[in-house]
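Read through the structure below, which is laid out as C-alpha coordinates, and then see the notes.
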Amino acid sequence: MRFRFGEAAPMEHLFINGNIPLSHGLALGNAAIPLGEETMLRAVKKFMKDIDDPVLKKRVVGFVGQELVHSQEHDRLNDEHLANLRYPVANSVMTVLREGTKSFKALVKIEDFAGVKLHMGVTAMLEHITATLGRRMLSNEELYNMPGADPEALKLLTWHALEELEHKSVMFDAYRYVGGSEIARIGSMAVVVVGLYPVLGPLLLLSILRDRDSWHPLIVARQAIEVARGPLLKGLLGELAEFMRPGFHPDDIDTEDLVQEWQLKLFGANGELVDRLR
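According to the working numbering, the sequence shown is numbered sequentially starting from -15.
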(Lines of atoms letter the chains of each structure in order from A and count residues from 1; the text may use other names and numbers.)
(Lines give C-alpha, C1' and ligand atoms only; values in the text may rest on other atoms or scores of the structure.)
Protein backbone atom coordinates (compact mmCIF):
# COMPACT_ATOMS: atom_id res chain seq x y z
CA MET A 1 0.00 0.00 0.00
CA ARG A 2 1.06 3.56 -0.66
CA PHE A 3 -1.29 6.28 0.51
CA ARG A 4 -1.21 9.80 -0.93
CA PHE A 5 -1.10 11.89 2.19
CA GLY A 6 -1.19 15.61 1.43
CA GLU A 7 -0.98 15.20 -2.34
CA ALA A 8 -4.39 16.53 -3.33
CA ALA A 9 -4.20 19.28 -0.72
CA PRO A 10 -2.06 19.86 2.40
CA MET A 11 -3.44 18.24 5.52
CA GLU A 12 -5.17 20.68 7.81
CA HIS A 13 -4.20 20.92 11.45
CA LEU A 14 -7.58 19.65 12.66
CA PHE A 15 -7.65 16.92 10.06
CA ILE A 16 -10.65 15.01 11.43
CA ASN A 17 -13.73 17.09 10.69
CA GLY A 18 -12.33 20.16 12.46
CA ASN A 19 -12.89 18.32 15.73
CA ILE A 20 -10.28 19.30 18.31
CA PRO A 21 -10.32 16.30 20.71
CA LEU A 22 -10.87 13.80 17.89
CA SER A 23 -8.00 15.20 15.79
CA HIS A 24 -5.65 15.27 18.78
CA GLY A 25 -6.78 11.81 19.87
CA LEU A 26 -6.20 10.27 16.46
CA ALA A 27 -2.84 12.01 16.18
CA LEU A 28 -1.87 10.37 19.49
CA GLY A 29 -3.24 7.04 18.30
CA ASN A 30 -1.42 7.24 14.99
CA ALA A 31 1.82 8.01 16.83
CA ALA A 32 1.34 4.98 19.09
CA ILE A 33 0.26 2.48 16.41
CA PRO A 34 3.76 1.77 14.99
CA LEU A 35 5.11 1.31 18.53
CA GLY A 36 2.37 -1.18 19.35
CA GLU A 37 2.90 -3.08 16.14
CA GLU A 38 6.64 -3.24 16.70
CA THR A 39 6.15 -4.87 20.11
CA MET A 40 3.78 -7.37 18.48
CA LEU A 41 6.43 -8.25 15.91
CA ARG A 42 9.02 -8.73 18.63
CA ALA A 43 6.62 -11.15 20.33
CA VAL A 44 6.20 -13.05 17.05
CA LYS A 45 9.97 -13.45 16.64
CA LYS A 46 10.13 -15.06 20.07
CA PHE A 47 7.47 -17.72 19.57
CA MET A 48 7.67 -18.57 15.85
CA LYS A 49 10.16 -21.37 16.51
CA ASP A 50 7.64 -23.04 18.84
CA ILE A 51 4.87 -23.31 16.21
CA ASP A 52 4.87 -26.56 14.25
CA ASP A 53 1.32 -26.28 12.92
CA PRO A 54 1.79 -25.28 9.23
CA VAL A 55 -1.63 -23.62 8.98
CA LEU A 56 -1.09 -21.47 12.05
CA LYS A 57 2.45 -20.63 10.96
CA LYS A 58 1.14 -19.44 7.58
CA ARG A 59 -1.46 -17.27 9.31
CA VAL A 60 1.23 -15.76 11.54
CA VAL A 61 3.41 -14.98 8.53
CA GLY A 62 0.44 -13.20 6.91
CA PHE A 63 -0.14 -11.29 10.14
CA VAL A 64 3.49 -10.14 10.15
CA GLY A 65 3.22 -8.92 6.56
CA GLN A 66 0.13 -6.88 7.30
CA GLU A 67 1.59 -5.39 10.48
CA LEU A 68 4.78 -4.32 8.71
CA VAL A 69 2.82 -2.42 6.07
CA HIS A 70 0.56 -0.86 8.73
CA SER A 71 3.60 0.39 10.62
CA GLN A 72 5.19 1.76 7.45
CA GLU A 73 2.15 3.76 6.36
CA HIS A 74 1.33 5.10 9.82
CA ASP A 75 4.97 6.13 10.19
CA ARG A 76 4.75 7.98 6.86
CA LEU A 77 1.70 9.88 8.08
CA ASN A 78 3.50 10.65 11.34
CA ASP A 79 6.83 11.73 9.90
CA GLU A 80 5.70 13.52 6.75
CA HIS A 81 2.59 15.28 8.02
CA LEU A 82 1.49 14.99 11.66
CA ALA A 83 4.98 15.93 12.89
CA ASN A 84 4.43 19.33 11.27
CA LEU A 85 0.85 19.92 12.43
CA ARG A 86 1.37 21.08 16.03
CA TYR A 87 0.77 17.89 17.98
CA PRO A 88 3.61 18.11 20.55
CA VAL A 89 2.50 15.17 22.71
CA ALA A 90 2.04 12.94 19.67
CA ASN A 91 5.46 14.01 18.43
CA SER A 92 6.94 12.99 21.78
CA VAL A 93 5.23 9.59 21.55
CA MET A 94 6.69 9.15 18.05
CA THR A 95 10.24 9.62 19.30
CA VAL A 96 10.39 8.44 22.91
CA LEU A 97 10.42 4.72 22.07
CA ARG A 98 12.37 4.86 18.83
CA GLU A 99 14.88 2.06 18.43
CA GLY A 100 18.17 2.90 20.12
CA THR A 101 16.75 5.23 22.77
CA LYS A 102 17.10 4.44 26.47
CA SER A 103 13.34 4.10 26.83
CA PHE A 104 13.24 1.63 23.92
CA LYS A 105 15.95 -0.49 25.51
CA ALA A 106 14.06 -0.40 28.83
CA LEU A 107 10.86 -1.55 27.12
CA VAL A 108 12.64 -4.48 25.47
CA LYS A 109 14.06 -5.51 28.85
CA ILE A 110 10.55 -5.41 30.34
CA GLU A 111 9.25 -7.57 27.49
CA ASP A 112 12.06 -10.08 28.00
CA PHE A 113 11.49 -10.14 31.76
CA ALA A 114 7.74 -10.73 31.28
CA GLY A 115 8.46 -13.78 29.14
CA VAL A 116 7.16 -14.86 25.77
CA LYS A 117 3.73 -16.10 26.93
CA LEU A 118 2.80 -12.90 28.74
CA HIS A 119 4.18 -10.85 25.84
CA MET A 120 1.99 -12.84 23.46
CA GLY A 121 -1.03 -12.45 25.74
CA VAL A 122 -0.64 -8.67 25.72
CA THR A 123 -0.33 -8.80 21.93
CA ALA A 124 -3.54 -10.85 21.64
CA MET A 125 -5.23 -8.31 23.90
CA LEU A 126 -4.02 -5.41 21.72
CA GLU A 127 -5.38 -7.18 18.67
CA HIS A 128 -8.80 -7.41 20.33
CA ILE A 129 -8.72 -3.66 20.95
CA THR A 130 -7.83 -2.85 17.35
CA ALA A 131 -10.38 -5.34 15.99
CA THR A 132 -13.08 -3.82 18.19
CA LEU A 133 -12.25 -0.32 16.97
CA GLY A 134 -12.04 -1.63 13.40
CA ARG A 135 -15.48 -3.20 13.63
CA ARG A 136 -16.91 0.06 14.92
CA MET A 137 -15.18 2.00 12.15
CA LEU A 138 -16.54 -0.17 9.33
CA SER A 139 -20.02 -0.59 10.81
CA ASN A 140 -20.86 3.09 11.21
CA GLU A 141 -21.19 5.43 8.24
CA GLU A 142 -20.76 8.32 10.65
CA LEU A 143 -17.16 7.09 11.05
CA TYR A 144 -16.15 5.59 7.70
CA ASN A 145 -17.77 8.40 5.69
CA MET A 146 -17.04 11.23 8.07
CA PRO A 147 -17.68 14.60 6.39
CA GLY A 148 -14.81 17.04 6.65
CA ALA A 149 -12.19 14.42 7.54
CA ASP A 150 -8.97 14.32 5.55
CA PRO A 151 -9.91 11.84 2.80
CA GLU A 152 -6.55 10.06 2.65
CA ALA A 153 -6.29 9.68 6.42
CA LEU A 154 -9.81 8.24 6.34
CA LYS A 155 -8.77 5.74 3.65
CA LEU A 156 -5.83 4.69 5.84
CA LEU A 157 -8.13 4.10 8.79
CA THR A 158 -10.70 2.06 6.85
CA TRP A 159 -7.97 -0.09 5.26
CA HIS A 160 -6.30 -0.70 8.61
CA ALA A 161 -9.67 -1.50 10.20
CA LEU A 162 -10.35 -4.13 7.54
CA GLU A 163 -7.01 -5.85 8.01
CA GLU A 164 -7.41 -5.88 11.78
CA LEU A 165 -10.64 -7.82 11.32
CA GLU A 166 -8.97 -10.17 8.82
CA HIS A 167 -6.34 -11.28 11.33
CA LYS A 168 -8.19 -10.66 14.60
CA SER A 169 -7.75 -14.22 15.91
CA VAL A 170 -4.18 -15.01 14.77
CA MET A 171 -2.31 -13.91 17.87
CA PHE A 172 -5.03 -15.29 20.12
CA ASP A 173 -4.69 -18.73 18.52
CA ALA A 174 -0.91 -18.55 18.69
CA TYR A 175 -1.13 -17.63 22.38
CA ARG A 176 -3.31 -20.64 23.07
CA TYR A 177 -1.06 -22.86 20.97
CA VAL A 178 1.97 -22.16 23.16
CA GLY A 179 -0.03 -22.70 26.35
CA GLY A 180 -0.78 -19.15 27.41
CA SER A 181 -2.93 -18.96 30.53
CA GLU A 182 -6.47 -17.63 30.76
CA ILE A 183 -5.59 -15.71 33.92
CA ALA A 184 -2.81 -13.71 32.23
CA ARG A 185 -4.99 -13.04 29.19
CA ILE A 186 -7.94 -11.82 31.25
CA GLY A 187 -5.70 -9.81 33.59
CA SER A 188 -4.08 -7.90 30.75
CA MET A 189 -7.45 -6.64 29.55
CA ALA A 190 -8.60 -5.86 33.09
CA VAL A 191 -5.69 -3.43 33.39
CA VAL A 192 -6.73 -1.76 30.12
CA VAL A 193 -10.42 -1.50 31.03
CA VAL A 194 -9.57 0.11 34.37
CA GLY A 195 -6.77 2.37 33.13
CA LEU A 196 -7.67 3.30 29.55
CA TYR A 197 -9.52 6.56 30.11
CA PRO A 198 -7.57 7.66 33.23
CA VAL A 199 -4.37 7.41 31.17
CA LEU A 200 -5.54 8.62 27.78
CA GLY A 201 -7.74 11.42 29.11
CA PRO A 202 -4.89 13.44 30.69
CA LEU A 203 -2.66 12.79 27.65
CA LEU A 204 -5.33 14.14 25.35
CA LEU A 205 -5.93 17.16 27.56
CA LEU A 206 -2.19 17.85 27.69
CA SER A 207 -1.99 17.65 23.90
CA ILE A 208 -4.80 20.19 23.54
CA LEU A 209 -3.39 22.51 26.22
CA ARG A 210 0.00 22.59 24.46
CA ASP A 211 -1.63 23.61 21.18
CA ARG A 212 -2.70 27.21 21.66
CA ASP A 213 -4.59 27.35 18.38
CA SER A 214 -6.85 24.52 19.54
CA TRP A 215 -7.54 25.63 23.08
CA HIS A 216 -11.16 26.83 23.02
CA PRO A 217 -12.64 25.45 26.26
CA LEU A 218 -16.33 25.58 25.35
CA ILE A 219 -15.77 24.08 21.90
CA VAL A 220 -13.49 21.37 23.30
CA ALA A 221 -16.03 20.48 25.99
CA ARG A 222 -18.91 20.28 23.49
CA GLN A 223 -16.91 18.24 20.98
CA ALA A 224 -15.57 15.91 23.69
CA ILE A 225 -19.13 15.14 24.82
CA GLU A 226 -20.13 14.46 21.21
CA VAL A 227 -17.22 12.03 20.76
CA ALA A 228 -17.95 10.28 24.07
CA ARG A 229 -21.58 9.80 23.05
CA GLY A 230 -20.77 8.89 19.45
CA PRO A 231 -20.19 5.55 17.71
CA LEU A 232 -16.45 5.51 18.33
CA LEU A 233 -16.47 5.46 22.14
CA LYS A 234 -20.00 4.86 23.44
CA GLY A 235 -20.06 1.39 24.99
CA LEU A 236 -16.44 0.70 24.00
CA LEU A 237 -15.28 -0.54 27.41
CA GLY A 238 -18.07 -3.10 27.50
CA GLU A 239 -17.01 -4.51 24.13
CA LEU A 240 -13.36 -4.60 25.20
CA ALA A 241 -14.38 -6.43 28.37
CA GLU A 242 -15.71 -9.32 26.25
CA PHE A 243 -12.07 -10.41 26.06
CA MET A 244 -12.21 -11.10 29.80
CA ARG A 245 -14.95 -13.71 29.49
CA PRO A 246 -13.62 -17.21 30.28
CA GLY A 247 -13.53 -19.28 27.11
CA PHE A 248 -13.75 -16.21 24.88
CA HIS A 249 -12.48 -16.45 21.30
CA PRO A 250 -12.32 -13.52 18.82
CA ASP A 251 -14.34 -15.50 16.27
CA ASP A 252 -17.25 -15.52 18.72
CA ILE A 253 -17.91 -12.04 17.29
CA ASP A 254 -18.98 -12.66 13.69
CA THR A 255 -17.43 -10.11 11.33
CA GLU A 256 -17.18 -12.26 8.19
CA ASP A 257 -19.91 -10.43 6.26
CA LEU A 258 -18.38 -7.08 7.22
CA VAL A 259 -14.93 -8.22 6.04
CA GLN A 260 -16.28 -9.47 2.70
CA GLU A 261 -18.24 -6.26 2.18
CA TRP A 262 -15.20 -4.08 2.75
CA GLN A 263 -12.79 -6.28 0.80
CA LEU A 264 -15.04 -5.74 -2.20
CA LYS A 265 -15.52 -2.04 -1.46
CA LEU A 266 -11.79 -1.36 -1.12
CA PHE A 267 -10.17 -3.93 -3.43
CA GLY A 268 -12.88 -5.16 -5.81
CA ALA A 269 -12.86 -4.41 -9.54
CA ASN A 270 -13.64 -0.74 -8.89
CA GLY A 271 -12.36 -0.68 -5.32
CA GLU A 272 -11.54 2.62 -3.62
CA LEU A 273 -7.95 1.54 -2.85
CA VAL A 274 -6.98 -0.48 -5.91
CA ASP A 275 -4.84 2.41 -7.15
CA ARG A 276 -3.07 2.58 -3.77
CA LEU A 277 -1.61 -0.91 -4.26
CA ARG A 278 1.96 -0.99 -5.44
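Think of the CB as a built atom: it goes at the ideal place given N, C-alpha and C, for glycine as much as any other residue.
Asked, Found
"Near Lys30, which residues of its chain fall below 6 Å by C-beta distance, leaving aside the five closest residues on each side in sequence?", "Val100"
"My output table needs one value for Ile4: the three-state DSSP class, helix, strand or coil.", "helix"
"Which whole-angstrom value describes the C-beta separation of Pro72 and Arg194, a residue pair presumed to lie in contact below a C-beta threshold of 8 Å?", "5 Å"
"So Asn14 and Leu69 are in contact, right, with Cβ under 8 Å, and what is the actual spacing, rounded?", "Incorrect: roughly 11 Å between the Cβ atoms, too far for contact."
"Is Leu12 near Leu187, with beta carbons less than 9 Å apart?", "yes"
"Quick one: any contact between the stretch 142 to 151 and the stretch 205 to 220, if contact means 3 or more CB pairs under 8 Å?", "no"
"Would you call the CB atoms of Leu221 and Leu184 closer than 9 Å?", "no"
"Short of 6 Å in beta carbon distance, which residues of its chain neighbour His103, apart from the five on each side in sequence? Order them along the chain.", "Ala27 and Glu95"
"Using DSSP with H/G/I as helix, E/B as strand and the rest coil, what is Ala(-8)?", "coil"
"Leaving out five residues on either side along the sequence, give the residues of the same chain with a beta carbon under 7 Å from the beta carbon of Glu295.", "This structure does not reach residue 295, given that the chain is present from -15 up to 262, and the question cannot be answered."
"What did DSSP end up calling Ala133 once you bin it into helix, strand or coil?", "strand"
"With H, G and I counted as helix, E and B as strand and the rest as coil, what does DSSP make of Asn254?", "coil"
"Using DSSP with H/G/I as helix, E/B as strand and the rest coil, what is Tyr71?", "coil"
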